[in-house]
Amino acid sequence: DFVYQFKGLCYFTNGTERVRYVTRYIYNQEEYVRFDSDWDEYRAVTPLGRPDAEYWNSQKDILEQTRAEADRVCRHNY
Numbered sequence: 012d013f014v015y016q017f018k019g020l021c022y023f024t025n026g027t028e029r030v031r032y033v034t035r036y037i038y039n040q041e042e043y044v045r046f047d048s049d050w051d052e053y054r055a056v057t058p059l060g061r062p063d064a065e066y067w068n069s070q071k072d073i074l075e076q077t078r079a080e081a082d083r084v085c086r087h088n089y
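Sequential numbering of the sequence shown, starting at 12, is according to the numbering used here.
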């Protein structure tokens, strides 16, 4: 058995003036890749995450969708 988790986190500064959006991908209690809107890209946390980060960063539609989630998810639920 294995456990796969996804966590979307919203951090607010001055209300919704500045929103930082972080997504964490976790496999068996170990985070392996994340997106941070401060970086504006996916980054591998472990070697397991490198192929996913490289692929997702190469796909403009995936990056645009993830970037838009800060507004769609975070600001909407503030």
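Glycine included, each C-beta is placed from N, C-alpha and C at the ideal position.
Out of curiosity, what's the CA-to-CA distance linking residue i and residue j?
i   : j   : result
T24 : D49 : 13 angstroms
S69 : F13 : 28 angstroms
Would you give the residue range spanned by the beta strand (DSSP E) that residue i belongs to?
i   : result
D47 : E41 to D47
R54 : E52 to A55
Going along the chain, which residues of its own chain have a beta-carbon closer than 6 angstroms to the beta-carbon of residue i, five neighbours each way excluded?
i   : result
Y89 : T27
Y38 : Y15
By the DSSP assignment, the alpha helix (DSSP H) with residue i in it spans what residues?
i   : result
A79 : K71 to E80
Does DSSP put residue i in a helix, a strand or coil?
i   : result
E28 : coil
V84 : helix
Give every residue of the same chain whose Cβ lies closer than 8 angstroms to the Cβ of residue i, excluding the five residues on either side of it in the sequence, and list them in chain order.
i   : result
L20 : Y32, V33, T34 and R35
For the segment 74-87 against the segment 55-64, do three or more pairs of beta-carbon atoms, one drawn from each stretch, fall closer than 8 angstroms, so that the two count as touching?
no
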